[in-house]
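For reference, the structure discussed in these notes is given below.
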Amino acid sequence: MRSFKTGPNDSGRRVVALCREYFGLSSSDVYKALKKKDIRIDGKKISSDMEVAAGSTVEVWLPDSFFGKKDAVPARADAGKYEVVYESRNLLIVNKAQGIAVHPGAGIKGATLIDDLRSDFACPELALCHRLDMNTGGLLMCAKDKKTLEDALALLKSDLAHKRYRALVLGVPTEGYEVRCFDGVVMNYLESYMEKGSDGRVYVHDTKTPKSQRAVTLYRVLDVYDTEAGPVSDIEVELVTGRTHQIRAQMAHIGCPVAGDGNYGKGQVMKQLRSSDGGKVRYQQLFATSLTFGKIDRSSRCSELSGRKFSVNPDFVVKVSR
Numbered sequence: 004m005r006s007f008k009t010g011p012n013d014s015g016r017r018v019v020a021l022c023r024e025y026f027g028l029s030s031s032d033v034y035k036a037l038k039k040k041d042i043r044i045d046g047k048k049i050s051s052d053m054e055v056a057a058g059s060t061v062e063v064w065l066p067d068s069f070f071g072k073k074d075a076v077p078a079r080a081d082a083g084k085y086e087v088v089y090e091s092r093n094l095l096i097v098n099k100a101q102g103i104a105v106h107p108g109a110g111i112k113g114a115t116l117i118d119d120l121r122s123d124f125a126c127p128e129l130a131l132c133h134r135l136d137m138n139t140g141g142l143l144m145c146a147k148d149k150k151t152l153e154d155a156l157a158l159l160k161s162d163l164a165h166k167r168y169r170a171l172v173l174g175v176p177t178e179g180y181e182v183r184c185f186d187g188v189v190m191n192y193l194e195s196y197m198e199k200g201s202d203g204r205v206y207v208h209d210t211k212t213p214k215s216q217r218a219v220t221l222y223r224v225l226d227v228y229d230t231e232a233g234p235v236s237d238i239e240v241e242l243v244t245g246r247t248h249q250i251r252a253q254m255a256h257i258g259c260p261v262a263g264d265g266n267y268g269k270g271q272v273m274k275q276l277r278s279s280d281g282g283k284v285r286y287q288q289l290f291a292t293s294l295t296f297g298k299i300d301r302s303s304r305c306s307e308l309s310g311r312k313f314s315v316n317p318d319f320v321v322k323v324s325r
């Protein structure tokens, strides 16, 4: 038997994720232990994954061979690639690091994030519910089976799921008109038309063209900083549509490219940006920072997300001053 006491930062986290972190157990082993009631919280046997309060004692009654030589999570090939934000029997939400490809594609070498997740969670059916660019960090939602994936895709297309991002952009954007969002926050409404080019870039038009698709973005300026490249704005963004490179291309189109974006940014000005350690800014300063869900029907395999919000902080590295 092994045990641990949860700390303040563990409050609200679930048993499976905690056992993976504290003991390096696989998700499948933890679920088997739950089914056999071999896990206890404050002395009480439990049979399903559940949230744990801070200060609780979690006991795992498994043979020592399950735990390896240490009570710590073993070093993994994917260390630093992601952090588990939420895990249940059906779903997984992780905080992805920048510079990590989420799935195989042209020019991608080696294991991708989805490969690592399938291996780490012993779940070959694990699938991405949406995507993030390689150099964008933040929240990524995955489904552990086909039915959950179908329900998750439907949920993310509905008005019951809201994805927001944080970005540092050059200049101070003012384009668009004000609208009120689902939670009462006032943002600027930005609409344009986007077309994929043969070079892999996305091109933005102010009016509809034969091959373009409508793209709608909501944004608001949270703060403005001075940098060696001029003023930089910290903006919050909500996607109404989900086009490839939508935030990056639209912000560049209105003259405020995402800091560190080598594809859509202003070359010479962008080169003047410096990171907090004095070096160059390696990645675009764009992070998926929140997932918010409305009231989800109980028949959905994603109903456990009903009324919940998941948030992470953006890991900005640009050197700024007031």
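For the sequence shown, the positions run 4 to 325 when my numbering is used.
For every residue, glycine included, the Cβ atom is placed at its ideal position computed from N, Cα and C.
4 or more residues per run - each alpha helix (DSSP H) lying fully within the segment 289-324: none
Distance between L225 and S68 (C-alpha atoms, nearest Å): The residue you call residue 68 lines up with position 65 of the sequence shown. The residue you call residue 225 lines up with position 222 of the sequence shown. Those two C-alpha atoms are separated by around 51 Å.
Buried versus exposed, by CB contacts within 10 Å (16 or more), N316: The sequence position of residue 316 within the sequence shown is 313, counting from 1. It is exposed - the Cβ of N316 has fewer than 16 other Cβ atoms within 10 Å.
Beta-carbon gap between C145 and A130 smaller than 8 Å: For this step, residue 145 is matched to residue 142 along the sequence shown. For this step, residue 130 is matched to residue 127 along the sequence shown. Their beta carbons are under 8 Å apart, which means C145 touches A130 by this criterion.
Straight-line gap, I257 to V207 (C-alpha atoms, nearest Å): Your numbering for residue 257 matches position 254 in the sequence shown. Your numbering for residue 207 matches position 204 in the sequence shown. C-alpha separation (whole angstroms): 10 Å.
Any chain B beta carbon closer than 8 Å to T244: Here there is only one protein chain, and chain B is not present.
Helix, strand or coil at R223 according to DSSP, with G and I counted as helix: Numbered from 1 along the sequence shown, position 220 holds the residue referred to as residue 223. Three-state result, R223: strand.
Neighbourhood of E231 by C-beta, 8 Å cutoff - its chain only, sequence neighbours within 5 removed: Start at 1 with the first residue of the sequence shown, and residue 231 comes out as number 228. The answer, listed in chain order, is Q275, L276, R277 and K322.
Through-space distance from I96 to C22, alpha-carbon basis: Here the question's residue 22 lines up with position 19 in the sequence shown. Here the question's residue 96 lines up with position 93 in the sequence shown. Those two C-alpha atoms are separated by around 16 Å.
Beta-carbon proximity list for K72, same chain, < 7 Å, skipping 5 on both sides: For the purposes of this step, residue 72 is taken as the residue at position 69 of the sequence shown. Residue placement at K72 cannot be trusted, given a pLDDT of 39 that sits under 50; what the coordinates show is reported in the next sentence. Answer for K72: no residue qualifies.
Top-ranked residue by Cα proximity to H248, from A57, M273 and R204: Numbered from 1 along the sequence shown, position 245 holds the residue referred to as residue 248. Per the Cα distances, R204.
M4 - DSSP class collapsed to helix/strand/coil: In the sequence shown, residue 4 corresponds to position 1, counting from 1. DSSP places M4 in coil when its eight states are reduced to three.
Ranges of the beta strand (DSSP E) found wholly within the segment 117-183, counting only runs of at least 3: 140-146, 164-173 and 180-183
Residues bridged to I96 (per DSSP): The sequence position of residue 96 within the sequence shown is 93, counting from 1. Answer is Y89 and M144.
6 Å Cβ shell around A75 - same chain, five flanking residues per side excluded: Counting from 1 along the sequence shown, the entry for residue 75 is found at position 72. With a pLDDT of 37 at A75, under the threshold of 50, the modelled position of that residue is not reliable, and the figure given next carries that caveat. Same-chain partners within the cutoff: there are none.
Reference C305; option with closest CA among E54, K150 and S50: Counting from one through the sequence shown, the residue named residue 305 turns up at place 302. Ranking the options by Cα distance to C305, first place goes to K150.
Pairwise C-alpha distance: V105 and P127: Counting from one through the sequence shown, the residue named residue 127 turns up at place 124. Counting from one through the sequence shown, the residue named residue 105 turns up at place 102. Looking at the two C-alpha atoms, the distance is approximately 15 Å.
Residues near R134 in its chain [Cβ-Cβ closer than 6 Å; skip 5 each side]: Sequence index remark: in the sequence shown, residue 134 carries index 131 (1-based). Excluding positions up to five away in sequence, the list reads V105.
Nonlocal neighbours in the same chain, by C-beta distance under 6 Å from M137, ignoring five residues either side: On the sequence shown, residue 137 is found 134 positions in, with the first residue counted as 1. These residues qualify, in order along the chain: A104.
First and last residue of the uninterrupted beta strand (DSSP E) at S195: The residue you call residue 195 lines up with position 192 of the sequence shown. Note, S195: beta strand (DSSP E), V189 to K199.
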